[in-house]
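What follows is one structure encoded as structure tokens, with my remarks underneath.
Residue numbers (my numbering): 7 to 323.
Structure (structure tokens):
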């Protein structure tokens with residue numbers, strides 16, 4: 007009875023939050039809509055990164071590369087076919103997913119810190135490729151896209167993609183895929199010996215984590231109507247996403263959401279201070295601090311803290 011009651015309470019809270027979020031555009035408050043849209047994009051990226059970084063334990067410092075690749079493939083298709091970037095997102099996502107699956111096979115043979123370094127290299131390679139083909143990508147000048155649709159459309163699109171990603175990760179984590187991912191994280195060699203095809207599952211985790219990144223990259227390309235290499239392939243973006251997951255709690259559903267909200271609040275505070283120009287240094291320092299002092303994230307900290315009410319812990323759990 008208690009578990010049913012807790013489930014009902016959690017469902018009521020979720021429904022109430024969703025109802026409020028979907029009614030926000032009625033306020034016509036553009037700042038509020040933009041803020042929630044931005045958070046929804048980062049929650050999507052954090053939850054998607056969590057598939058590889060949280061459940062399998064492979065730290066991807068080049069994650070922003072696929073966000074940028076999704077944006078550029080979307081932009082190139084949109085300009086070539088003279089269509090809205092939003093219509094180009096499905097094709098672009100498919101292309102990025104196939105490319106990422108193919109490149110992940112050799113990349114995932116590398117483990118630990120070497121994999122992290124390899125992914126930074128991948129990010130730099132994508133950056134250089136964009137620069138080398140100015141007639142297609144606009145190179146350093148950037149790529150100008152058609153004017154964006156109304157903000158309300160992006161707001162709802164951001165919410166839908168976010169909710170879809172959260173639901174997907176939730177279902178995935180409770181399936182045989184999730185069990186295989188976790189076994190790889192705990193002991194990859196033992197998982198291999200026990201019969202888990204670690205290569206296949208790692209490639210799947212890599213590809214699953216990339217797909218939402220490509221989608222959000224396409225959405226942002228349409229939203230901004232302009233993209234350039236330094237913005238779309240920013241290593242600081244990867245660090246920020248990793249920080250969101252590590253701070254909230256890797257390998258959990260609620261963790262990346264909590265981490266995203268906290269990091270975005272810090273980001274907004276830094277924007278209006280001198281420290282804002284040092285945001286990459288700050289994200290790096292915070293990530294190091296979280297790894298040392300809060301290795302399992304806020305979710306685990308809340309569960310273990312005796313001074314936090316049990317009712318709140320059950321909601322988080």
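Cβ atoms here follow ideal geometry from the backbone N, Cα and C, with glycine treated the same way.
**Report entry** Contact the region 54-71 vs the region 207-215: 3+ CB pairs below 8 Å
**Finding:** yes
**Report entry** CB of residue 261 within 8 Å of CB of residue 245, strictly
**Finding:** Here residue 261 is taken as the residue at index 255 of the chain shown, counted from 1. Here residue 245 is taken as the residue at index 239 of the chain shown, counted from 1. Contact flag unset, no.
Requested in this report: State the DSSP-derived secondary structure class of residue 10, mapped to helix, strand or coil.
Outcome: Reading the chain shown from its first residue, position 4 is the one you call residue 10. Below a pLDDT of 50, predicted positions are generally treated as unreliable, and residue 10, at 49, falls in that range; the measurement from the model is reported next regardless. If DSSP states are grouped into helix, strand and coil, residue 10 belongs with the helices.
Query raised in the report: Three-state secondary structure (DSSP) at residue 232?
Result: To locate residue 232, count along the chain shown from 1; it is residue 226. Correct three-state label for residue 232: strand.
Query raised in the report: Between the region 133-147 and the region 214-225, are three or more C-beta pairs nearer than 8 Å?
Result: no
Query raised in the report: Within 10 angstroms of its Cβ, does residue 180 collect 16 or more other Cβ (buried), or is it exposed?
Result: Within the chain shown, numbered from 1, the residue matching residue 180 stands at position 174. Counting Cβ neighbours within 10 Å, residue 180 comes out exposed, since fewer than 16 surround it.
Query - With 16 other Cβ atoms within 10 Å as the buried cut-off, status of residue 26 - result: Position 20 of the chain shown, counted from the first residue, corresponds to residue 26. Classification for residue 26: exposed.
Requested in this report: Spell out a yes or no on whether the region 228-247 and the region 147-155 are touching, meaning 3 or more CB-CB pairs, one atom from each, closer than 8 Å.
Outcome: yes
Query - residue 23 classed as buried or exposed, judged by whether at least 16 other C-beta atoms fall within 10 angstroms - result: As a first step, residue 23 is located in the chain shown; it is residue number 17 there, counting from the start. Exposed: under 16 other Cβ atoms inside 10 Å.
Query - 8 Å CB neighbourhood of residue 147 in its chain, flanking five on each side removed - result: For the purposes of this step, residue 147 is taken as residue 141 along the chain shown, with counting starting at 1. Excluding sequence neighbours, residue 147 sits near 140, 234.
Query - Identity of the residues DSSP links to residue 150 by a beta bridge - result: As a first step, residue 150 must be located in the chain shown, where it is residue number 144. Its beta-bridge partners are 232.
Requested in this report: Would you mind working out which of 40, 49, 62 sits nearest residue 187, comparing C-alpha positions?
Outcome: Along the chain shown, one-based indexing puts residue 187 at 181. When each option's Cα is compared against that of residue 187, the closest is 62.
Report task. Look up residue 173 in the DSSP assignment and say whether it is helix, strand or coil. Result -> As a working note, residue 173 is residue 167 in the chain shown. Of the three classes helix, strand and coil, the one that applies to residue 173 here is helix, per DSSP.
Query raised in the report: When we look at the beta-carbon of residue 189 and count the other beta-carbons within 10 Å, is it buried (16 or more) or exposed?
Result: Along the chain shown, read from residue 1 onward, the residue named residue 189 stands at position 183. By the neighbour-count rule (16 or more Cβ atoms within 10 Å), residue 189 is buried.
Query raised in the report: Would residue 122 pass as a contact of residue 241 if the rule is Cβ separation under 8 Å?
Result: In the chain shown, residue 122 corresponds to position 116, counting from 1. In the chain shown, residue 241 corresponds to position 235, counting from 1. No, the pair does not count as a contact, with Cβ atoms beyond the cut-off.
Report task. Assign residue 113 to one of two classes, buried (16 or more other C-beta atoms within 10 Å of its C-beta) or exposed (fewer than that). Result -> What you label residue 113 is simply residue 107 of the chain shown in a count that begins at 1. Residue 113 comes out buried.
Query raised in the report: Helix, strand or coil for residue 3 per DSSP?
Result: Residue 3 is absent from the structure shown; the chain starts at 7 and stops at 323.
Query raised in the report: On the three-state DSSP scale, how would you describe residue 35?
Result: The residue labelled residue 35 in the question sits at position 29 within the chain shown. DSSP places residue 35 in coil when its eight states are reduced to three.
Query raised in the report: Whole-angstrom Cβ separation of residue 45 and residue 268, contact assumed at under 8 Å?
Result: Here residue 45 refers to the residue found at position 39 when the chain shown is read from its first residue. Here residue 268 refers to the residue found at position 262 when the chain shown is read from its first residue. With a Cβ gap of about 11 Å, residue 45 and residue 268 do not count as contacting.
Query raised in the report: What is the DSSP secondary structure of residue 156, reduced to helix, strand or coil?
Result: Looking up residue 156 in the chain shown gives position 150. Residue state, collapsed to three classes: coil.
Requested in this report: Taking only the alpha-carbon atoms, compute the straight-line gap between residue 277 and residue 39 and give it to the nearest angstrom.
Outcome: Here the question's residue 277 lines up with position 271 in the chain shown. Here the question's residue 39 lines up with position 33 in the chain shown. Cα to Cα, residue 277 sits roughly 18 Å from residue 39.
**Report entry** residue 195 - DSSP class collapsed to helix/strand/coil
**Finding:** Along the chain shown, one-based indexing puts residue 195 at 189. Helix, per DSSP.
Report task. With a 10 Å radius around its C-beta and 16 neighbouring C-beta atoms as the bar for buried, classify residue 288 as buried or exposed. Result -> As a first step, residue 288 must be located in the chain shown, where it is residue number 282. Residue 288 should be labelled buried.
Query raised in the report: What separation, rounded to the nearest whole angstrom, lies between the Cα atoms of residue 167 and residue 126?
Result: Taking the chain shown and counting its residues from 1, the one referred to as residue 167 is at position 161. Taking the chain shown and counting its residues from 1, the one referred to as residue 126 is at position 120. One C-alpha to the other measures close to 26 Å.
Query raised in the report: Should residue 212 be listed as close to the ligand SAM, given that the test is whether its C-beta is under 7 Å from any heavy atom?
Result: Ligands displayed in this structure: none; no statement on the ligand SAM is therefore possible.
Report task. Could you check what DSSP says for residue 180 in three-state terms: helix, strand or coil? Result -> Within the chain shown, numbered from 1, the residue matching residue 180 stands at position 174. DSSP places residue 180 in coil when its eight states are reduced to three.
Report task. Indicate whether residue 48 and residue 270 have their beta-carbon atoms separated by less than 8 Å. Result -> Along the chain shown, one-based indexing puts residue 48 at 42. Along the chain shown, one-based indexing puts residue 270 at 264. Their beta carbons are under 8 Å apart, which means residue 48 touches residue 270 by this criterion.
Report task. Check the C-beta distance from residue 407 over to residue 76 and give it rounded, since I have them as a contact under 8 Å. Result -> Residue 407 is absent from the structure shown; the chain starts at 7 and stops at 323.
Query - Helix, strand or coil at residue 65 according to DSSP, with G and I counted as helix - result: Mapped onto the chain shown, residue 65 falls at position 59. Coil at residue 65, not helix or strand.
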